[in-house]
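Protein chains: 4
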Amino acid sequence: MTQIKNIGVFTSGGDAPGMNAAIRAVVRAAMYYGIEVTGIRRGYDGMGKGDFFTMNRKSVSNIIQRGGTILKTARCDDFRTPEGRKNAYEQLVKNKVDALVAIGGDGTFTGAKVFGSEYDIPVVGLPGTIDNDLVGTDFTIGYDTAINTVVDAVDKIRDTAESHDRLFIVEVMGRDSGLIALRTGIATGAEAILIPESKTGLEGLFNRLEFGRKDKTSRIVIVAEGDDTAGGAFEVGRLVQEKFPNYDTRISILGHIQRGGAPSCMDRVLASRVGAAAVEALRDGHRNEMIGLINGEVAYTPFEHAIKHHQGIDPNMIKLVEMLSM
Amino acid sequence: MTQIKNIGVFTSGGDAPGMNAAIRAVVRAAMYYGIEVTGIRRGYDGMGKGDFFTMNRKSVSNIIQRGGTILKTARCDDFRTPEGRKNAYEQLVKNKVDALVAIGGDGTFTGAKVFGSEYDIPVVGLPGTIDNDLVGTDFTIGYDTAINTVVDAVDKIRDTAESHDRLFIVEVMGRDSGLIALRTGIATGAEAILIPESKTGLEGLFNRLEFGRKDKTSRIVIVAEGDDTAGGAFEVGRLVQEKFPNYDTRISILGHIQRGGAPSCMDRVLASRVGAAAVEALRDGHRNEMIGLINGEVAYTPFEHAIKHHQGIDPNMIKLVEMLSM
Amino acid sequence: MTQIKNIGVFTSGGDAPGMNAAIRAVVRAAMYYGIEVTGIRRGYDGMGKGDFFTMNRKSVSNIIQRGGTILKTARCDDFRTPEGRKNAYEQLVKNKVDALVAIGGDGTFTGAKVFGSEYDIPVVGLPGTIDNDLVGTDFTIGYDTAINTVVDAVDKIRDTAESHDRLFIVEVMGRDSGLIALRTGIATGAEAILIPESKTGLEGLFNRLEFGRKDKTSRIVIVAEGDDTAGGAFEVGRLVQEKFPNYDTRISILGHIQRGGAPSCMDRVLASRVGAAAVEALRDGHRNEMIGLINGEVAYTPFEHAIKHHQGIDPNMIKLVEMLSM
Amino acid sequence: MTQIKNIGVFTSGGDAPGMNAAIRAVVRAAMYYGIEVTGIRRGYDGMGKGDFFTMNRKSVSNIIQRGGTILKTARCDDFRTPEGRKNAYEQLVKNKVDALVAIGGDGTFTGAKVFGSEYDIPVVGLPGTIDNDLVGTDFTIGYDTAINTVVDAVDKIRDTAESHDRLFIVEVMGRDSGLIALRTGIATGAEAILIPESKTGLEGLFNRLEFGRKDKTSRIVIVAEGDDTAGGAFEVGRLVQEKFPNYDTRISILGHIQRGGAPSCMDRVLASRVGAAAVEALRDGHRNEMIGLINGEVAYTPFEHAIKHHQGIDPNMIKLVEMLSM
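Protein chains in written order, with my numbering: chain A, 2 to 327; chain B, 2 to 327; chain C, 2 to 327; chain D, 2 to 327.
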């Protein structure tokens with residue numbers, strides 16, 4: 002068992018609901034094991050600048066239900082340079098931080114991996130991103146809340162779609178992944194989904210709209226941000242309107258509302274479990290691994306593996322969208 | 002007392018939460034007074050095409066909580082022509098509809114006014130629009146729900162703004178009116194609001210951003226859809242970014258989510274009160290009037306007056322935004 | 002114009018959503034006018050114990066959307082004694098607090114009135130209570146949020162009532178007043194409401210249940226906490242079940258969820274307006290008055306008057322419940 | 002492959018959010034495979050009384066987001082008798098229903114198991130209950146929504162707890178199972194949970210309250226309905242108050258709000274997946290099995306097994322509650 006005395010915790014990359022629950026779990030679990038905790042503000046940027054503060058049980062009181070991250074987050078170009086990382090390491094040494102918990106996604110773990118290979122400091126990661134695009138955990142912290150937010154928004158849009166007999170093209174987040182689009186497409190009864198992972202293309206969409214149910218007067222199409230069928234929701238909308246001029250077609254970009262809000266129960270539980278497990282993992286000598294939850298059990302995945310692979314899309318789920326919206 | 006036997010009810014223009022509660026109130030109050038009710042689908046368009054059905058108490062069961070309108074709504078160019086209105090009148094006569102309740106906004110009442118002047122059929126209106134831009138009622142049906150939806154969305158956006166120290170430009174509905182922007186600006190603690198009714202312009206905004214609190218790291222600016230300070234939220238965002246290159250500026254267009262969702266308590270109560278009052282007004286011989294609620298009392302306003310004037314913006318409320326976000 | 006230099010602000014009585022928005026408005030408006038602000042924790046109790054702290058703009062950052070009160074609230078028996086009030090006054094003097102803004106309801110203003118008559122310190126009040134039972138304001142801070150919470154809860158209960166063909170007796174808050182029950186009864190399409198202000202009694206309820214629509218299979222009855230028709234929701238439920246043994250009758254006491262949650266847009270706007278107006282009122286020499294909003298305008302009501310009278314119940318609203326749920 | 006021509010679908014037992022999504026999936030998937038669907042109202046009761054109707058794609062339009070069940074549900078004592086089941090079978094034969102999908106929990110599957118053993122009709126089940134107390138699926142339909150509802154309610158209660166420095170005893174559903182209490186206890190940062198599966202008892206609770214953090218002024222204790230530590234939340238509250246007279250202790254029974262509301266994204270996806278899988282299972286010759294989802298894959302569990310066993314409680318999760326609320 003490694004003798005860890007002071008864990009530094011930070012959030013990096015896009016904020017996600019449940020990050021605060023994860024921070025709370027790291028702090029409280031560390032206290033439980035008699036380990037001190039240093040909060041690092043604004044991710045790698047704050048690490049390089051020594052924006053540190055000592056956290057105690059009270060620092061994380063009454064935050065489990067809050068969206069965003071009390072530690073703030075930022076991009077950091079400096080950390081991509083050897084000098085930037087050297088600087089960060091010196092700050093950690095100066096503040097007697099001897100282990101790190103990094104909460105974030107892809108980019109966060111890429112930085113952590115390089116840092117962990119250059120300097121002798123154990124780093125573990127927690128999957129904090131609404132995109133669910135990491136291997137090594139069934140779900141990422143924030144995903145469940147984000148898809149509930151999308152579903153709630155599309156339910157509202159459907160009220161208008163039904164009232165006006167309209168077709169709505171709704172763009173949801175997911176630059177490289179259609180995982181938000183996929184589940185929310187099923188859950189909102191969408192007519193079709195356009196996602197990066199599936200190349201049905203415009204013809205497929207047109208076919209569905211042309212040969213689908215005639216008595217269906219309102220329709221929802223979910224487009225993932227990263228889909229390149231036509232170059233975004235506006236372009237898809239334009240082409241649909243061109244092809245089906247008598248449809249009353251509208252576009253809605255859900256945008257940043259998808260990142261915020263009080264985390265769902267599942268996101269809080271996930272964040273709490275992996276947050277506590279991260280502290281235990283550091284005590285047990287783990288390093289350079291992401292701590293996730295697979296089939297309800299804590300799972301340890303090397304950063305390298307977590308970021309190189311993406312969860313695939315189950316083709317049965319895509320079929321389900323079409324089968325059920327008929 | 003006019004002997005009304007069969008009231009036709011319809012919704013027209015953009016849908017608004019609470020329209021169903023209003024339809025329910027019209028139907029149930031009519032039944033209470035022994036009057037039959039004919040539902041007319043898709044507004045003036047369905048009127049011209051005779052898309053009618055008999056409604057009873059059960060037709061409006063379990064709809065008080067639903068967004069949208071079960072009677073659907075549509076635009077109708079035909080009704081702008083004398084032939085279109087003649088056609089509509091003939092359908093009403095054929096179906097023995099001898100009075101109308103029109104639920105909608107500006108455009109709806111403009112049509113109703115012309116129709117009521119050409120044909121001998123009493124028409125009263127209910128203010129159903131999220132925009133709150135009618136004279137003759139303190140609030141329109143749907144406004145309260147819409148501003149709650151906006152506030153809920155901006156609360157989510159603020160989570161991200163706080164976490165990333167960002168400036169968000171958020172565009173809300175209101176083509177001719179800043180009333181949604183005004184109240185939601187106060188309620189979300191926005192730094193500034195840009196609305197059609199106030200010409201502070203870009204200079205005012207720049208001044209606020211430049212000379213405001215230095216320790217404020219996240220900022221929200223609410224822009225009404227109809228504001229022409231710079232030509233929309235994207236253009237405002239571009240100019241802010243140009244002027245303040247070191248701000249991390251983002252744009253969010255809330256869009257159609259603002260129209261949907263379960264109506265708030267106040268919208269349901271308002272819709273229920275004016276819905277019942279509309280039936281009583283027709284029995285009492287009212288015609289060509291909108292039925293609203295002013296200071297808690299039912300108020301009757303000629304269509305002509307309701308649509309020609311807009312509620313002004315209280316300058317104290319604009320000052321309040323600036324005073325409190327400092 | 003009185004020269005106010007340091008305003009003490011506190012919350013007292015039951016917490017209400019929007020209290021934080023009111024505190025924020027008091028602090029920010031005072032800063033705007035160059036007045037210092039002292040936060041007093043836990044109401045009159047903290048005042049007597051000198052639990053004071055200096056507030057600045059940042060003290061109230063990011064709280065406009067939070068339920069509860071950051072200043073906390075408590076009962077205080079001490080303040081009912083002359084010694085208790087003497088003690089409190091000495092603490093104020095010691096801390097150079099020369100004016101007070103009290104946020105609360107009935108009990109809060111009763112204390113303020115006595116205190117203001119005994120000691121030479123200007124006190125104004127803000128109506129912060131979910132009960133809406135004060136004269137001098139159309140709505141109290143927290144009422145709008147509370148009725149939305151009730152409506153949301155009853156919408157959920159109705160799902161079960163509809164699925165199981167059940168009658169639900171739902172108890173809502175309101176010890177002396179049926180105002181929560183009244184509006185939520187209309188908004189949820191309740192079959193009947195039982196409130197302290199109206200003595201229809203059990204016979205009336207039985208009649209409605211017996212002779213109402215036969216095709217209605219699910220029913221909601223809203224009972225105000227303070228109703229004494231039968232001694233509470235459980236007793237009403239027992240008697241209904243006795244009289245109608247073949248109804249599947251259930252009871253639900255909504256309880257404390259009605260006090261919490263993010264304040265609605267209207268509650269935040271109301272709190273912001275009267276909060277700023279309170280500071281201006283103190284500057285203008287007002288004292289011993291509650292600052293409310295009547296017909297959209299700031300209104301000043303002597304404490305004495307605000308607490309002695311209750312808003313009556315409009316009998317038309319009670320009739321509306323019955324007319325529309327038929 | 003069995004030649005199924007007409008599937009009867011019904012819901013039974015307590016309603017759960019997502020039941021409508023499941024009904025929709027069964028209907029749409031059956032249509033997709035050219036199978037007719039018969040809706041059976043009010044569970045086994047309606048089956049015995051022949052309360053059947055033909056369903057088509059449109060019957061399930063716009064219901065995916067609704068709580069409750071459009072097919073209604075009811076208890077049925079008749080079905081426990083051989084005559085009752087004979088009667089039901091004759092109704093199915095008469096209406097040419099040659100397979101069944103039963104949506105419900107324990108009691109539903111017990112009935113289905115007996116029925117399937119007595120009569121030659123394939124029956125499969127879908128896990129529809131908020132309690133999550135079935136083996137053969139990671140989660141039951143409705144559980145995710147219910148725990149979000151609880152968390153949302155306790156967040157509201159915490160606003161008051163924090164404002165008043167109170168201890169709240171909150172009772173949540175779960176007659177035989179602490180699964181709702183467990184996850185919501187973690188997610189709300191509860192001080193302690195009392196559940197049927199764990200016998201820490203009152204001493205454990207008293208110890209936690211006595212020796213826990215001294216600076217913690219507000220506390221939440223979650224009690225499962227079925228916990229018999231002291232005989233319900235009121236009794237627990239009474240004993241806590243007796244032991245700690247200077248705590249301001251309150252009780253809240255969340256009750257029926259936990260069953261209703263729009264289903265969460267995950268519940269809709271789960272219901273959609275197993276609903277479609279149920280139709281495919283019947284086509285593939287499955288019978289007397291519950292269709293669940295384990296580790297993201299469709300799983301088939303004999304009714305016998307699904308109802309005899311309960312999911313255990315992971316002791317690490319109980320430890321987590323205590324570790325993180327310290």
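Where is the CB? At the ideal position from N, CA and C, for every residue including glycine.
Work out the CA separation of residue j and residue i for me, nearest whole Å.
{"i": "D:R167", "j": "A:A277", "result": "27 Å"}
{"i": "A:I1", "j": "B:T74", "result": "Only positions 2 to 327 of chain A appear in the structure, and residue 1 of chain A is not among them; the question remains open."}
{"i": "D:I5", "j": "A:I181", "result": "35 Å"}
{"i": "C:Y33", "j": "B:R209", "result": "14 Å"}
{"i": "A:A53", "j": "C:M56", "result": "According to the sequence provided, residue 53 of chain A is Phe. The question's Ala does not apply to it. Rounded to the nearest angstrom, the two C-alpha atoms are 25 Å apart."}
{"i": "A:V125", "j": "B:S219", "result": "30 Å"}
{"i": "B:I122", "j": "B:E37", "result": "16 Å"}
{"i": "C:A263", "j": "C:I71", "result": "13 Å"}
{"i": "B:L255", "j": "D:L93", "result": "51 Å"}
{"i": "D:V155", "j": "A:S265", "result": "13 Å"}
{"i": "B:F304", "j": "A:K217", "result": "36 Å"}
{"i": "D:G313", "j": "C:L183", "result": "45 Å"}
Note down, in chain order, every chain B residue with its Cβ under 9 Å from the Cβ of residue i.
{"i": "A:I158", "result": "G256, H257, I258, R260 and G261"}
{"i": "A:D16", "result": "D160, T161, E163, S164 and H165"}
Mind pulling the chain C residues with CB within less than 8 Å of residue i?
{"i": "D:S253", "result": "G256, H257 and I258"}
{"i": "D:D107", "result": "Under the 8 Å cutoff, chain C gives no residues; its nearest Cβ is about 17 Å from D:D107."}
{"i": "B:A277", "result": "L321, M324 and L325"}
{"i": "B:S335", "result": "Here chain B has residues from 2 to 327 only, and residue 335 of chain B is not among them."}
Closest to residue i by C-alpha separation, out of the options, would be which residue?
{"i": "D:A279", "options": "D:N96, D:G85 and D:I104", "result": "D:I104"}
{"i": "C:G205", "options": "C:K215, C:D216, C:K217 and C:E192", "result": "C:E192"}
{"i": "C:D229", "options": "C:P197, C:E211 and C:T250", "result": "C:P197"}
{"i": "A:D285", "options": "A:A100, A:F110 and A:L135", "result": "A:A100"}
{"i": "C:A31", "options": "C:N247, C:K320, C:A282 and C:G15", "result": "C:A282"}
{"i": "A:D78", "options": "A:G179, A:G47 and A:S62", "result": "A:G47"}
{"i": "B:I258", "options": "A:S60, A:I158 and A:S178", "result": "A:I158"}
Excluding the 5 residues flanking residue i on each side, which residues of the same chain have their C-beta closer than 8 Å to its C-beta?
{"i": "D:A300", "result": "G137, T138, I292, G293 and L294"}
{"i": "C:R214", "result": "M327"}
{"i": "D:I334", "result": "Within the shown structure, residues of chain D are numbered from 2 to 327, placing residue 334 of chain D beyond reach of any answer."}
Can you find the residues in the same chain that come closer than 7 Å, C-beta to C-beta, to residue i, ignoring five residues on each side of it along the sequence?
{"i": "D:E119", "result": "R86"}
{"i": "D:S273", "result": "A22 and A26"}
{"i": "D:E163", "result": "S219"}
Just to make sure I have the definition right: I need the residues of chain D whose C-beta is within less than 9 Å of the C-beta of residue i. Which are they?
{"i": "A:D145", "result": "D145, S265, C266 and M267"}
{"i": "A:V241", "result": "In chain order: nothing, as chain D lies at least about 21 Å away."}
Against residue i, what residues of chain A qualify as contacts under a CB-to-CB distance less than 8 Å, listed in chain order?
{"i": "D:N21", "result": "What D:N21 touches in chain A: nothing, since even the nearest Cβ is about 11 Å away."}
Applying a beta-carbon distance threshold of less than 7 Å, which residues of chain D neighbour residue i?
{"i": "A:N63", "result": "E163"}
{"i": "A:A26", "result": "L325"}
Against residue i, what residues of chain A qualify as contacts under a CB-to-CB distance less than 7 Å, listed in chain order?
{"i": "D:D216", "result": "K59"}
Is it the case that the CB of residue i approaches a heavy atom of the ligand ATP more closely than 7 Å?
{"i": "D:G232", "result": "In the structure shown, the ligand ATP is absent, as is every other ligand, since no ligand is present at all."}
Against residue i, what residues of chain D qualify as contacts under a CB-to-CB distance less than 8 Å, listed in chain order?
{"i": "A:M32", "result": "M327"}
Using a Cβ-Cβ cut-off of less than 8 Å, list which residues of the stretch 154 to 179 of chain C approach chain D; keep chain order.
The stretch 154 to 179 of chain C vs chain D, Cβ under 8 Å: A154, D156, K157, I158, R159, D160, T161, E163, S164, H165, D166 and F169.
To be precise: take each residue of the stretch 66 to 84 of chain A, compare its Cβ to all Cβ atoms of chain B, and keep it if any distance is under 8 Å. Which residues remain?
When CB distances to chain B are screened at a threshold of 8 Å, the residues of the stretch 66 to 84 of chain A falling below it are R67, G68, G69, T70, K73, T74 and A75, in chain order.
Taking Cβ-Cβ distances below 8 Å as the criterion, which residues of the stretch 34 to 60 of chain D are in contact with chain A?
Residues passing the 8 Å Cβ filter: R58 and K59.
Within 9 Å of chain D by C-beta, residues of the stretch 184 to 213 of chain A in sequence order:
Here the close residues are R184, T185, I187, A188, T189 and G190.
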